[in-house]
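These notes are about the structure you will find just below.
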Amino acid sequence: MREEYLDGTEVSGGYCRALKQGNMIFVSGTGGLDQHGKLAGPDVTSQSRLVYKKIEKALAHFGADLSHIVSVVIYVTDMSTTAEYQAVHSDVFAKYKPTSTLVGVSGLVAGMSIEIKVEAMID
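In terms of this note's numbering, the numbers along the sequence shown are unbroken and rise by one, the last being 124.
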């Protein structure tokens, strides 16, 4: 059975923040914009922290948490900020290590420096 989650921060129509299909949860690319559309901060660290809080909230909707994440894809606009992101990533995944892909991109919506999408699996 397919279940969708919308949190009101979707930039445009046509997609959901997250969806659960069977035992898999897919969280759309999530950026560091707060509920008012403002950047959490100018740096990758503050944006990353907010992103993981938003992802955690989406997972919780389906009864999951960050430990259920099996795959992460990170999009960054400046590859020189990798160490900043990795510091947050290491904190978030201190116990559970998902697969991970880092991709450099030329730009993201609303001036974001980072966008993260995840896939999680529950029992």
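Each residue gets a CB set at the ideal place from its N, CA and C atoms; glycine is no exception. These numbers come from a predicted model, not from an experiment.
Anticipated Cβ contact below 8 angstroms, residue i with residue j, distance rounded
i	j	result
V28	I115	Contact flag wrong, Cβ pair sits at about 14 angstroms.
T31	K55	5 angstroms
L40	M113	7 angstroms
V73	V119	5 angstroms
V93	T46	About 12 angstroms separates the two Cβ atoms, so there is no contact after all.
Start-to-end residues for the beta strand (DSSP E) that takes in residue i
i	result
R3	R3 to Y6
L51	First-last for L51: V45 to H62, but that is the alpha helix (DSSP H), not the beta strand (DSSP E).
S29	M25 to G32
Test item: CB-CB of residue i and residue j under 9 angstroms
i	j	result
Y86	S49	yes
I123	H69	yes
L34	A121	no
Q36	G9	yes
Bridge-paired residues (DSSP) for residue i
i	result
Y75	Rather than Tyr, the amino acid found at residue 75 in this sequence is Ile. Its beta-bridge partners are L103 and I117.
I70	A121
L40	L34
N-terminal and C-terminal residue of the alpha helix (DSSP H) that residue i is part of
i	result
A19	First-last for A19: A19 to Q22, but that is the beta strand (DSSP E), not the alpha helix (DSSP H).
F92	Sequence inspection shows Asp at residue 92; the Phe mentioned does not correspond to that position. Looking at the DSSP string, the run of the alpha helix (DSSP H) that includes D92 is T83 to V93.
Just checking, does the segment 104-124 make contact with the segment 74-82 on the three C-beta pairs under 8 angstroms criterion? A contact exists between the segment 104-124 and the segment 74-82.
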